[in-house]
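Asks: Please read through the structure below; I'll follow up with questions.
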Amino acid sequence: MTKSRLLDLAVVRRALEFNVNEPVRALRSVLDRAIEPQRPPGERDWRSQDWLIYNILDLRYIKKQRVREVANRLYMSDANLYRKQNLAIEAVADSLLRMEADALLEEATESESKSVL
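So the sequence shown is numbered by the numbering used here: it starts at 75 and just counts up by one.
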């Protein structure tokens with residue numbers, strides 16, 4: 075992750091101060107925040123379609139489990155997991171885009187405030 079282009083995002087820059095100025099740590103915290111909205115309300119259910127996207131993200135990217143382990147846990151084939159994993163990644167990308175837009179708006183607002191002073 076040390077060479078990821080995601081490190082250049084405004085939302086990651088803004089997260090630096092809360093992550094001891096460590097870019098990779100800041101990126102990890104932003105990704106965790108982007109994954110969290112995928113979590114449905116209520117108690118976790120390994121078989122529910124409502125929980126599928128979050129479960130894939132949690133098992134593959136937070137807990138770093140292998141495809142075979144995740145597929146078995148979620149009662150699906152490897153091929154189906156890969157398809158669903160792509161949907162999960164798109165959901166996180168959408169969250170990141172929203173977070174980035176918010177961060178850029180905050181930066182612009184702060185910049186405007188400073189120029190008025």
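Ideal Cβ placement from N, Cα and C applies to all residues, glycine included.
This one's a predicted model, so the numbers in the text were calculated from it and none came from an experiment.
1) Beta-carbon within less than 6 Å of A162's beta-carbon, same chain only, minus the 5 sequence neighbours each way: which residues are those?
2) Measuring straight from C-alpha to C-alpha, what distance separates M75 and P97?
3) What whole-angstrom Cβ distance do S195 and A108 have, given they're in contact under 8 Å?
4) According to the Cβ coordinates, are P114 and D106 closer than 9 Å?
5) For Y135, which option in A153, Y149, G116, N160 has the closest C-alpha, if you only look at C-alpha atoms?
Replies: Taking the definition as stated:
1) I127, I130, L131
2) 9 Å
3) Given a span of 75 to 191 for the chain in the structure shown, any question on residue 195 remains unanswerable.
4) no
5) N160
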